[in-house]
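Colleague: Pasting a structure here, questions to come.
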Amino acid sequence: QVQVVESGGGLVQAGGSLRLSCAASTSIFSFDAMGWYRQAPGEQRELVATIISVGTTNYADSVKGRFTISRDNIKNTVYLQMNSLKPEDTAVYYCKFRQNWSRKDYWGQGTQVTVSS
Numbered sequence: 696q697v698q699v700v701e702s703g704g705g706l707v708q709a710g711g712s713l714r715l716s717c718a719a720s721t722s723i724f725s726f727d728a729m730g731w732y733r734q735a736p737g738e739q740r741e742l743v744a745t746i747i748s749v750g751t752t753n754y755a756d757s758v759k760g761r762f763t764i765s766r767d768n769i770k771n772t773v774y775l776q777m778n779s780l781k782p783e784d785t786a787v788y789y790c791k792f793r794q795n796w797s798r799k800d801y802w803g804q805g806t807q808v809t810v811s812s
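Okay, so the sequence shown: first residue is 696 according to this note's numbering, each after it adds one.
Okay, here's the thing in structure tokens:
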């Protein structure tokens, strides 16, 4: 069973930065896409950023220019670098690894990001 473990959330002031990490228990090459999602209280979970196996990235309009998704193939880890944070970025952030051949998605446990004004 694949395990996905997140880390890096916390409390930060507006304008600050945080880096989230998401480590898989197996080779990152076994996944076709990796992504970060977030869910604020009372809101639906929304896509933040994705990176596919060939390295192409995609971002929600609300985070373009501020967030960067990247991957470390040796550490089997995906990162989300978040700069110029705003209070509206406050949410629980989840990572997801997608495996097309098994049609399975593997989710992290979630990590809280709180941005104070």
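Glycine included, C-beta positions come from ideal geometry on N, C-alpha and C.
(1) Out of 790, 812, 808, 806, which one is the CA nearest neighbour of residue 728?
(2) With three or more beta-carbon pairs closer than 8 Å as the criterion, would you say the region 702-718 touches the region 786-804?
(3) By alpha-carbon positions, which one of 711, 703, 701, 696 ends up nearest to residue 781?
(4) Whole angstroms are fine: how far does the CA of residue 708 sit from the CA of residue 734?
(5) On the three-state DSSP scale, how would you describe residue 738?
(6) Can you find a heavy atom of the ligand MG that lies under 8 Å from the Cβ of residue 740?
(7) Drop a sphere of 10 angstroms on the beta-carbon of residue 771, count the other beta-carbons inside from all chains shown, and report buried for 16 or more, exposed for fewer.
(8) Mind listing, in chain order, the continuous beta strand (DSSP E) runs of no fewer than 3 residues lying wholly within the region 754-780?
(9) Rounding to the nearest angstrom, what Cα-Cα distance links residue 812 and residue 797 in this structure?
(10) For residue 755, tell me which candidate among 787, 767, 785, 731 has the shortest Cα-Cα distance.
(11) Figure out for me which residue from 744, 792, 777 has the closest Cα to the Cα of residue 810.
(12) If we ignore side chains and look at the alpha-carbon of each, how far apart do residue 744 and residue 757 end up?
Modeller: Working from what's here:
(1) Stepping through the sequence shown from its first residue, residue 728 is reached at position 33. With distances taken between Cα atoms, residue 728 lies closest to 790.
(2) yes
(3) The residue you call residue 781 lines up with position 86 of the sequence shown. Here the closest residue by C-alpha is 711.
(4) Position 39 of the sequence shown, counted from the start, is the residue given in the question as residue 734. Position 13 of the sequence shown, counted from the start, is the residue given in the question as residue 708. Answer to the nearest angstrom: the Cα atoms are 19 Å apart.
(5) Along the sequence shown, one-based indexing puts residue 738 at 43. The answer is coil: DSSP assigns residue 738 none of H, G, I, E or B.
(6) By its list of ligands, the structure shown contains no ligand whatsoever, and the ligand MG lies outside what it can speak to.
(7) Start at 1 with the first residue of the sequence shown, and residue 771 comes out as number 76. With 16 or more other Cβ atoms within 10 Å, it is buried.
(8) 762-767, 772-777
(9) To locate residue 812, count along the sequence shown from 1; it is residue 117. To locate residue 797, count along the sequence shown from 1; it is residue 102. Going from the Cα of residue 812 to the Cα of residue 797 covers about 43 Å.
(10) Counting from one through the sequence shown, the residue named residue 755 turns up at place 60. Comparing Cα positions, the closest option is 731.
(11) Looking up residue 810 in the sequence shown gives position 115. If we check each option's Cα against that of residue 810, 777 comes out closest.
(12) The residue labelled residue 744 in the question sits at position 49 within the sequence shown. The residue labelled residue 757 in the question sits at position 62 within the sequence shown. Approximately 10 Å between the Cα atoms of the pair.
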